[in-house]
Each structure stands twice: as C-alpha cells, then as structure tokens.
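In what follows, a single structure is set out as structure tokens and then discussed.
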Amino acid sequence: MSSVLCAVRFGLVHGSGPSQRKLIISPSTIDFHMIDIIGLVEPRQVILVSVSAVMEVMGKKARKDNLITVDWHMPCSYKPFLYAISIGKLEFSHQMILKSGVFCVNFMAASSEAEIIKCGTVSGQVKDKFKETGLAKGYCEKIDCARVADPIGFLECELIDSIDSGDHTIFVGKVVNYHLAKKEKRLFHLDGRHFTTTEEY
Ligand SMILES: Cc1cc2nc3c(=O)[nH]c(=O)nc-3n(C[C@H](O)[C@H](O)[C@H](O)COP(=O)(O)O)c2cc1C
8 MSSVLCAVRF GLVHGSGPSQ RKLIISPSTI DFHMIDIIGL VEPRQVILVS VSAVMEVMGK
68 KARKDNLITV DWHMPCSYKP FLYAISIGKL EFSHQMILKS GVFCVNFMAA SSEAEIIKCG
128 TVSGQVKDKF KETGLAKGYC EKIDCARVAD PIGFLECELI DSIDSGDHTI FVGKVVNYHL
188 AKKEKRLFHL DGRHFTTTEE Y
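The letter at position 91 of the sequence shown is residue 98 when you use my numbering, and the numbering goes up by one with no holes.
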C-alpha cells in the first residue's frame, strides 16, 4: 500500500520501502479515487526531513545520515511548539526515527527541486542521499541528527508521540531548536511529477 501511495504521490514509477521496488502503476492496480483525493489535498509544501541513527544494513551496523522528501507535515501546537510529519511505515526513515527518537525538518528553496526529487525517489537504505544529491551536510545543535547545511530554515525535533495512521505513522516532534536563515521561494507539490512555487517567498 505504501509504495502505491508513494507512486500516486510522485507519478507512475517510484520505488519505495526497504527493497526499493520499482513499481509500474497500471489502471488495473490503482484506485483512481486515491488519485482524486491526492489531487484534492495538494498542493503542499515539500520539505526534507533529515534523520540519523545507527542502523544494520546487510548485517553491518553503521551510523546513517538520511534525507526523506515529505509533503505531509504540519505545525500542531504552539505551547509546546510541536511539529508533525507523516511517514510511510515501509520507509527506511520510519525505522530510523523510531530508533533515534529525533528528526530535523529542513525547509527547502524551490531551486533545490532536483535534490528534493532525488531524496523522494531513492532509499537511504541503499544510497547516501547527501552524497547522491551533493547537498552539504550540517549538524543539529540540540539533537544528535544531521541536517541540510544551508536550508531556508530548520526545526530540530525530539519525538514525543507516534500516532498510528493507516499505512503511515504520524511522528510528533517537540521543537527544541530552530532557525530561519533566509526568505526564498518554496517548492509545492501539485501532483505526480508536477511542482509549483510561490510568487515571492
Ligand atoms: C514530492 C514527494 C513527496 C513525498 N511525501 C512523502 C510523505 O509525506 N511521507 C512519506 O512517508 N513519503 C513521502 N514521499 C516518499 C519518500 O520521500 C520516498 O519513498 C523516499 O525514497 C523514502 O526514503 P527512505 O527509504 O530513505 O526513507 C514523497 C516523495 C515525493 C517525491
């Protein structure tokens, strides 16, 4: 289900989950009501969530710094300031967040569209997405987590709740540090492979 949802999110061919399956969606395998619903709830601002954890991949334990493209996210409380992200249960980042208990929300400029798409179409289980995209790596101050070095801004989050949400989990993070570095146009996901941006910022 998750890979179907991701395919709906990003077009017709998109790998998802640990095995990074390539999925070709044909009319017979897709619920077209789902496409209507996705079209209804988007456009949504696309962000990169960074995650760091010691993970076992192919029998070897190593610290991984990963990036996942996310358009299902929102602020959800003022006091304390909480931020929620919805992550597919099959995503590598899902395992990583459960392991580390932290994540960082990186607000990205529209000019990073290619990097954002890359982070949403390959799995951190098989690729180092910082290297793949060339995005410079920075480190959070208040949590043990990598982040994008030069985003528009970021939120450092400590996981305080995980809410089961069908094929996704809503991770609720308490924001323990944040920074707004600049004002630039953001990227919004329309549907499939279509994106748009804001007129100003
Ligand atoms: C534009 C776009 C938006 C996405 N939004 C989400 C999202 O909100 N939640 C999610 O779990 N996956 C989302 N995805 C899919 C993941 O980014 C994608 O499956 C990624 O490869 C998972 O990486 P990982 O295996 O390293 O965790 C999105 C992908 C794209 C291209």
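Glycine included, C-beta positions come from ideal geometry on N, C-alpha and C. All of these numbers come straight from a predicted model, not from anything done at the bench.
TODO: For SER26, I'd like the list of residues in its chain whose CB is within less than 7 Å of its CB, leaving aside the five on either flank, ordered along the chain.
DONE: Locating residue 26 in the sequence shown gives position 19, where the first residue counts as 1. Legend: pLDDT at SER26 = 35, less than 50; position of this residue unreliable, no value from coordinates given.
Open item on the list: Using C-beta distances below 6 Å, list every residue in its chain close to ALA91, excluding the 5 sequence neighbours before and after it, in chain order.
Closed with: Within the sequence shown, numbered from 1, the residue matching residue 91 stands at position 84. The answer, listed in chain order, is MET81, CYS83, ILE177, VAL179.
Open item on the list: Based on DSSP bridge pairs, tell me the residues matched to SER172.
Closed with: As a working mapping, residue 172 is identified with position 165 in the sequence shown. In the DSSP output, where bridge partners are listed per residue, SER172 has HIS175.
- [ ] State the DSSP-derived secondary structure class of THR205, mapped to helix, strand or coil.
- [x] Counted from its first residue, the sequence shown places residue 205 at position 198. Correct three-state label for THR205: coil.
Open item on the list: So, for LYS125: in the same chain, excluding its five sequence neighbours on each side, which residues have a beta-carbon less than 8 Å away from its beta-carbon?
Closed with: Counted from its first residue, the sequence shown places residue 125 at position 118. Short of 8 Å from the beta carbon of LYS125, and not among the five residues preceding or following it, lie these beta carbons of its own chain, in chain order: LYS136, GLU139, THR140.
TODO: Spatial neighbours of ILE170 within its chain, please: CB distance less than 6 Å, with the 5 preceding and 5 following residues excluded, ordered by chain position.
DONE: For the purposes of this step, residue 170 is taken as residue 163 along the sequence shown, with counting starting at 1. If we look at ILE170 and ignore the five residues flanking it on each side, its Cβ neighbours are ILE177.
Task: Delimiting residues of the alpha helix (DSSP H) encompassing ILE123 - done: Start at 1 with the first residue of the sequence shown, and residue 123 comes out as number 116. Note, ILE123: alpha helix (DSSP H), 120–126.
- [ ] Following the continuous beta strand (DSSP E) through MET62, name the residue where it begins and the one where it ends.
- [x] Counted from its first residue, the sequence shown places residue 62 at position 55. Start and end: 54–64.
Open item on the list: Using 8 Å as the cut-off, can you tell me whether the stretch 108–117 makes contact with the stretch 154–171, which would need three or more C-beta pairs spanning the two stretches below that distance?
Closed with: yes
TODO: Identify whether VAL129 lies in helix, strand or coil by the three-state DSSP scheme.
DONE: For the purposes of this step, residue 129 is identified with residue 122 of the sequence shown, where counting begins at 1. VAL129: coil per DSSP, three-state reduction.
Open item on the list: Could you give the first and the last residue of the continuous beta strand (DSSP E) run that contains LYS144?
Closed with: For the purposes of this step, residue 144 is taken as the residue at position 137 of the sequence shown. Taken as a continuous stretch (DSSP letters only), the beta strand (DSSP E) holding LYS144 covers 144–146.
Task: ALA69, buried or exposed, once every other Cβ within 10 Å from all chains shown has been counted against 16 - done: Position 62 of the sequence shown holds residue 69. ALA69 should be labelled exposed.
Task: Separation of GLY66 from PRO87, as counted between CA atoms - done: Position 80 of the sequence shown holds residue 87. Position 59 of the sequence shown holds residue 66. Approximately 40 Å between the Cα atoms of the pair.
Open item on the list: Need the endpoints of the beta strand (DSSP E) that MET81 sits in, please.
Closed with: As a working note, residue 81 is residue 74 in the sequence shown. Where MET81 is concerned, the enclosing beta strand (DSSP E) stretches over 80–84.
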